[in-house]
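A.B. asks:
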Amino acid sequence: MFNKETMTIYQIYPKSFNDTTGSGTGDIPGITEKLDYLKELGVDMVWLSPIYPSPQYDNGYDVSDYTAVNPLYGTMADVDQLIEAAKERDMGIMLDMVLNHCSTEHEWFQKALAGDPYYQDFFYLKPAKADGSLPTNWESKFGGPAWEKFGDTDLYYLHLYAKQQADLNWHNPNVRRELFSVVNFWLERGVTGFRFDVLNVIGKMDFVDSEEPGSSQEKALYTDTPIVHEWVKELARETFGRYDNIITVGEMSSTTVENGLQYTQPERDELSMIFSFHHLKVDYAHGDKWSKAPVDFAAFKQIMDHWQVGMSEGRGWNALFLNNHDQPRSNCRFGDVEKYPYETATMLAQTIQLMRGTPYIYQGEEIGMTNPNYTTIDQYRDVETLNYYHILLERGISEKEAMEIIQSKSRDNSRTPFQWNDQPHGGFTTGTPWLAVADNYPSVNAEKELAANGIYRYYQQLAALRKEVPVIAKGDYQSVLLDHPQIMGYWREYEGKKLLVLSNFYAETVALDVPTEWLEFEWQRLIGNGAIETIKATVEFGPYETVALITKN
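For the sequence shown, the positions run 1 to 553 when UniProt numbering is used.
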């Protein structure tokens with residue numbers, strides 16, 4: 001039923017999608033209520049960010065019970081109903097599996113704290129060094145040291161993320177068994193997809209100091225270690241690999257094409273596909289996320305080409321995306337949402353979705369939702385944002401500049417409630433939303449988009465074309481115009497058919513002198529957001545214009 005080559009997957013952040021109770025928090029029945037909206041869009045599978053019980057230090061990625069439902073979102077019966085309602089529409093439900101770490105409120109950690117040696121071996125517990133310093137100088141990805149005191153003992157526990165998220169010791173077979181049983185629990189309930197959170201950092205091996213805390217050299221000490229592949233194979237063998245038709249995707253932090261191929265080559269029996277993130281770090285000044293810098297377009301093109309070519313030649317498989325719950329809105333990063341909202345959104349969608357891989361749509365991008373540009377730090381909820389606001393001030397950055405950085409980089413940019421209509425709070429809730437809705441909801445909302453031939457309808461066409469045009473689903477990839485300062489382009493080719501995708505990433509118009517070999521083919525327009533109909537010696541692109549052309553012969 002599910003084909004990774006032809007399908008489109010939609011990510012929902014349950015807390016912010018649709019509230020049916022007036023609590024201010026989205027819920028599972030709210031997702032069920034909107035399945036027809038997603039079906040009309042052309043979605044085949046719906047990925048839910050974590051719905052499990054959690055103290056919400058990291059908005060649900062700190063799981064305190066893997067086989068229950070957070071009462072904030074509803075009940076297990078609500079989940080069963082959602083799975084069944086999706087199945088009736090030939091859609092699948094993909095759950096988020098956070099198996100690198102669990103909440104410090106999880107029963108396992110609490111039993112470890114109480115002194116149970118069986119559960120203490122579920123975590124990385126280390127003594128201080130002889131000089132009293134922390135076990136290693138590793139830095140948490142959310143800021144500060146990666147070690148925290150373990151209760152009233154002389155030990156410290158590892159947390160690569162928030163201190164409320166204790167890393168699980170995958171070296172312990174009992175841990176792996178417990179986690180496999182979690183995946184099997186959800187498979188038995190009818191879940192047909194899994195997204196595995198930060199899966200490539202489960203293989204911590206050598207607990208040695210890094211040359212520079214927080215550096216890429218430090219991350220290499222615990223990322224993509226050889227044992228990870230062994231454990232992913234074991235995970236597949238013991239859980240989803242026993243079923244037909246399950247779609248899996250691994251979130252791979254700081255990974256490489258070489259590892260991406262190993263995770264996704266069909267004969268290796270690991271995963272269906274992976275997320276990599278290098279292309280979304282092209283507006284990090286000197287590699288620092290918490291900085292304000294323009295997008296390095298040349299670097300973006302090179303990175304996308306490197307991954308597309310490498311994964312295509314090696315028969316691996318990419319997840320295609322520019323947005324998710326951890327990223328600012330891509331239309332605010334790469335385009336102009338004030339003057340060219342339609343052109344920006346459709347150009348970015350087309351550029352990404354016609355590549356080789358499986359496209360992911362993050363809630364709201366299909367209607368052109370934007371960063372909210374909150375004006376005070378009190379409006380933010382994200383733990384990483386709040387931590388780094390103080391870190392920025394400690395670095396001597398002014399409050400004004402710190403807020404500008406937060407406005408452009410905070411994870412809350414993508415977590416604002418979905419804008420369904422022009423009613424109060426965008427129709428998301430009748431109560432007070434847990435996070436403020438962006439002010440532009442009266443003009444940017446689903447009701448308005450559904451009534452127009454706009455962004456939503458363009459996304460709908462892209463999803464349909466992937467099913468209808470074999471070269472999109474199956475074609476090889478080859479970049480063109482890699483050195484062009486404004487235009488990104490690539491070929492797709494399959495069984496003699498050629499697809500050419502060209503996108504202007506800037507507001508300035510640009511005349512492209514077409515390579516003569518392109519003129520040898522007879523082209524027809526497949527889809528575009530502007531006036532270009534075919535290829536001729538010189539083609540003029542409007543602001544953020546994109547076009548996909550396919551050979552007739």
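In this text, a Cβ means the ideal position worked out from N, Cα and C, and glycines have one as well.
Just grab the DSSP bridge partners of Ser503 for me.
C.D. replies: Paired residues: Met488, Thr546.
A.B. asks: Per the DSSP calculation, Gly193 is bridged to which residue(s)?
C.D. replies: Its beta-bridge partners are Met94, Ile247.
A.B. asks: When the Cα of Met273 is compared with those of Val547, Asn3, Val182, Ile535, which residue comes out closest?
C.D. replies: Met273 has its Cα closest to that of Asn3, out of Val547, Asn3, Val182, Ile535.
A.B. asks: When you compare the stretch 353-370 with the stretch 380-392, are there three or more beta-carbon pairs, one atom per stretch, that lie closer than 8 Å?
C.D. replies: No, the stretch 353-370 does not touch the stretch 380-392.
A.B. asks: Taking C-beta to C-beta, are Thr546 and Asn529 nearer than 8 Å?
C.D. replies: It is a contact, given that the beta carbons lie within the stated cut-off.
A.B. asks: Quick check on Asp482: buried or exposed, where buried means 16 or more other Cβ atoms within 10 Å of its Cβ?
C.D. replies: For the record, residue 482 in the displayed sequence is Leu; it is not Asp. Exposed.
A.B. asks: Which residues bound the beta strand (DSSP E) around Ser408?
C.D. replies: Not the beta strand (DSSP E): Ser408 falls in the alpha helix (DSSP H), residues 399-409.
A.B. asks: Helix, strand or coil for Asn172, going by three-state DSSP, please let me know.
C.D. replies: In this structure, Asn172 counts as coil in the three-state DSSP scheme.
A.B. asks: Quick one: using the 10 Å Cβ neighbour count with 16 as the cut-off for buried, is Asn174 buried or exposed?
C.D. replies: With fewer than 16 other Cβ atoms within 10 Å, it is exposed.
A.B. asks: Going along the chain, which unbroken runs of the alpha helix (DSSP H) with 4 or more residues stay wholly within the stretch 256-335?
C.D. replies: As far as the stretch 256-335 is concerned, its whole alpha helix (DSSP H) runs of at least 4 residues are 257-264, 297-313, 330-334.
A.B. asks: Under 8 Å between the Cβ atoms of Leu168 and Leu125?
C.D. replies: Contact: no.
A.B. asks: How many Å lie between Tyr73 and Asn200 at the Cα?
C.D. replies: So the alpha carbons of these two residues sit roughly 29 Å apart.
A.B. asks: With a threshold of 6 Å on Cβ separation, who are the neighbours of Asp476 within its own chain once the five nearest residues in sequence on each side are excluded?
C.D. replies: Result list for Asp476: Ser312, Glu493, in chain order.
A.B. asks: Starting from His229 and walking both ways along the alpha helix (DSSP H), at which residues does that stretch end?
C.D. replies: Where His229 is concerned, the enclosing alpha helix (DSSP H) stretches over 226-238.
A.B. asks: For Gln81 and Ser140, I'd like the C-alpha separation in whole angstroms.
C.D. replies: When rounded, the distance between both Cα atoms is 38 Å.
A.B. asks: Measuring only the C-alpha atoms, how far is Ala345 from Asn100?
C.D. replies: C-alpha separation (whole angstroms): 34 Å.
A.B. asks: For the beta strand (DSSP E) holding Leu99, just list the boundary residues, first then last.
C.D. replies: Per DSSP, Leu99 belongs to no beta strand (DSSP E) and is neither H nor E.
A.B. asks: Shortest alpha-carbon distance to Glu270 belongs to which of Pro328, Asp209, Arg195, Leu280?
C.D. replies: Closest by alpha carbon: Arg195.
A.B. asks: Determine the burial state of His286: buried for a count of at least 16 other Cβ atoms within 10 Å of its Cβ, exposed for fewer.
C.D. replies: With fewer than 16 other Cβ atoms within 10 Å, it is exposed.
A.B. asks: Specify, as a first and last residue, the run of the alpha helix (DSSP H) that Thr538 falls within.
C.D. replies: No alpha helix (DSSP H) holds Thr538; the beta strand (DSSP E) holding it covers 538-541.
A.B. asks: Quick one, which of Gln11, Thr225, Pro127 has its alpha-carbon nearest Asp152's?
C.D. replies: Of Gln11, Thr225, Pro127, the residue nearest in Cα terms is Pro127.
A.B. asks: Exposed or buried, what is Gly496 when buried is set at 16 or more other beta-carbons lying within 10 Å of its beta-carbon?
C.D. replies: Label assigned to Gly496: exposed.
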